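Participant: Counting in our numbering, the final residue of the sequence shown is number 699, and the numbers go up one at a time with none missing. Glycine included, C-beta positions come from ideal geometry on N, C-alpha and C. Computed from a predicted structure; not experimentally measured.
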Amino acid sequence: MPVLLAQSMVNRHGLIAGATGTGKTKTLQVLAGQLSDAGVPVFVADVKGDLTGLGAPGDAADPKVQARCQQLGWTFAPKAHPIRLLSLAGKLGAQVRATVHSFGPLLLSKVLDLNVTQTAVLSLVFEYCDDRQLPLLDLEDLKTTLQYLASDDAKPVLAEYGGMAPSTLGVIRRSIVTLEQQGADAFFGEPEFDVDDLLGVNGDGTGMIHVLELSDVMDKPALFSTFMLWLLAQLYSSLPEVGDQPKAKLAFFFDEAHLLFDDASEALLGQVELVARLVRSKGVGLYMVTQSPTDVAPKVLAQRRGPPGCESEEGPYRGGRHRQEGHEVRHVASRPGHSPRRARHTVRQALGGRARRARGSGLRPPAAGRQGVDLPTSTSGRGPLERSRRRLRSR
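1) Compute the distance between the beta-carbons of I476 and Q549, then report whether it is under 8 Å.
2) Am I right that G497 and V404 are in contact with their C-beta atoms under 8 Å? What's the rounded C-beta distance?
3) For V593, does the count of other Cβ atoms within 10 angstroms reach 16, so buried, or fall short, so exposed?
4) What do you get for V420, buried or exposed, if any count of 16 or more other CB atoms within 10 angstroms of its CB means buried?
5) Beta-carbon within less than 6 Å of A488's beta-carbon, same chain only, minus the 5 sequence neighbours each way: which residues are those?
6) Counting along the chain, where does the alpha helix (DSSP H) carrying E484 start and finish?
7) Please report the straight-line C-alpha distance between G322 and A561, rounded to a whole angstrom.
8) Compute the Euclidean distance between the alpha carbons of H546 and S585, then round it to the nearest angstrom.
9) May I ask which residues mark the beginning and end of the alpha helix (DSSP H) holding D435?
10) Cα separation between A537 and G589?
11) Count the other C-beta atoms from every protein chain shown that fall within 10 angstroms of the C-beta of R478, then say buried if there are 16 or more, exposed otherwise.
12) Excluding the five sequence neighbours on either side, which residues of its own chain have a C-beta within less than 8 Å of the C-beta of D566, listed in chain order?
13) Quick check: the Cα distance between L355 and I387, rounded to an integer number of angstroms?
14) Give me the Cβ distance between K551 and V348, rounded to the nearest whole Å; I'm assuming they're in contact under 8 Å.
15) By DSSP's criteria, V505 is part of a beta bridge. Which residues make up the other side?
16) Sorted by chain position, which residues of the same chain lie with C-beta nearer than 8 Å to T449's C-beta, five sequence neighbours on each side aside?
17) If you drop the 5 nearest sequence neighbours on each side, which residues of the same chain put their C-beta closer than 6 Å to that of C373?
18) Opposite E517 in the DSSP bridges: which residues?
19) Could you have a look at V588 and say whether DSSP puts it in helix, strand or coil?
20) Quick one: Cα of S259 to Cα of V515, how far?
21) Sorted by chain position, which residues of the same chain lie with C-beta nearer than 7 Å to V604's C-beta, five sequence neighbours on each side aside?
22) Rounded to whole angstroms, what is the Cα-Cα separation between K414 and L443?
23) Using DSSP with H/G/I as helix, E/B as strand and the rest coil, what is V314?
24) Check A247 in the structure and name its three-state DSSP category.
25) Around the Cβ of S455, are there at least 16 other Cβ atoms within 10 angstroms (buried) or fewer (exposed)?
26) Given A256, which residues of its chain have a CB within under 7 Å of its CB, disregarding the five upstream and five downstream residues?
27) I'd like to know whether the C-beta atoms of D520 and L396 end up nearer to each other than 8 Å.
28) Can you give me the start and stop residues for the alpha helix (DSSP H) that D445 sits inside?
29) Considering only their Cβ atoms, is the gap separating L518 from V351 smaller than 8 Å?
30) In whole angstroms, what separates the C-alpha of R627 from that of A606?
31) Can you tell me whether Q399 is helix, strand or coil according to DSSP?
32) Whose C-beta lies closer than 6 Å to the C-beta of V600 among residues of the same chain, with five residues either side of it excluded?
33) Quick check on the burial criterion: 16 or more other C-beta atoms within 10 angstroms. Buried or exposed for R645?
34) To the nearest angstrom, how far is it from the Cα of F557 to the Cα of L462?
35) According to DSSP, simplified to helix, strand and coil, what is T530?
36) Need the endpoints of the alpha helix (DSSP H) that F565 sits in, please.
In structure tokens:
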């Protein structure tokens, strides 16, 4: 029986979890490629550099592809998908940047992990720049402004804003220096990336796949998380409310999603959770790809539609289920009258039923007249795109 993901369910968020070798990357490629064929724009965060193969046709002579097609009774038709390469450092694609002004004081304060008082002072700094039409393009502009406001020459000016303690301005400036040392300064500046470009559909009706290359900034997780937070916030603020639609406006895939949550502050996690909860009504679907469901913040994970899992050729991967089972046992066993053994039996019953219904919670044969995304195998190439083709895709 063919397994289909209804297009109307793409904006319900999802999780692709499994150990190394269970097929997470291939599942991502299949979903991204077929969503593109269905006219849904796709954004992919490529951490390992092996997803650019979406822009090249697959190899019909590959023995594994031939065996899989024979098993499914499916005719393999190699094809390339339209991709555009992006990069935070500008080395592997078109550089993505944003100005400090567009980031705003509230979002920036969450990235800098400022307290309430420091956030209020940073908001006054932004207001001071707006009143005097001073552009805040990069972090150097912001540091220069903070240095001036902490000097004696700025005391008459600060009286208009209720005053700003030089010590507080110094704390903010030191936090910015720390962020720069983590590589995030490469993200701030001009020209600014227009998020509406992510919603592009080609003339033939296929959705554009934007591949953000992150293999050259793997040692700078702050840069990756800062960009993702800004991008999701921009999408939420710019896209209108659409509710349930026949198909999603945009599908996001976060490969190695734990990079978005590792060492993140509570304020930053709260912002990610808020955006994940609200962006669904904008027609945007978020898909986290990681080895274990526990790599994703629980409140963000709760926004997905179905239970976590990843199915490979050998069958469904049980690791995510076992981890989830242990997590739910702790909650059930904490209730009065529930022993751990009885709780584990209860959870296994619940998970077993949910596992049997997993294909009915989104991965299911669509009803007559409903469109879906088929999930056989990828028609695009494996591994990274060749260097000569990579240069063309980044233009």
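Facilitator: From the atom records:
1) no
2) The displayed chain sequence assigns Phe, not Gly, to residue 497. About 14 Å separates the two Cβ atoms, so there is no contact after all.
3) buried
4) exposed
5) A526, L527, T530
6) 470-485
7) 12 Å
8) Looking at the sequence shown, residue 546 is not His but Val. Near 6 Å, if we compare the C-alpha coordinates of S585 and V546.
9) 420-435
10) 14 Å
11) exposed
12) P525
13) 10 Å
14) The Cβ separation is near 18 Å, so there is no contact.
15) G511
16) V429, Y432, C433, L438, L440
17) F380
18) D350, S391
19) strand
20) This structure leaves residue 259 out entirely; the chain is present only between 305 and 699.
21) V576, E577, A580
22) 15 Å
23) helix
24) Residue 247 cannot be examined here, being either before or after the span of the chain that is shown, 305 to 699.
25) exposed
26) Outside the modelled stretch of the chain, which goes from 305 to 699, sits residue 256, for which no answer is possible.
27) yes
28) 443-453
29) yes
30) Its pLDDT being 40, under 50, R627 is placed unreliably by the model, and the measurement read from it follows with that caveat. Taking the straight line from one Cα to the other gives about 15 Å.
31) strand
32) A561, M592
33) Note that R645 has pLDDT 48, beneath the 50 cutoff, so the model's placement of it is unreliable and no number is given.
34) 45 Å
35) helix
36) 562-565
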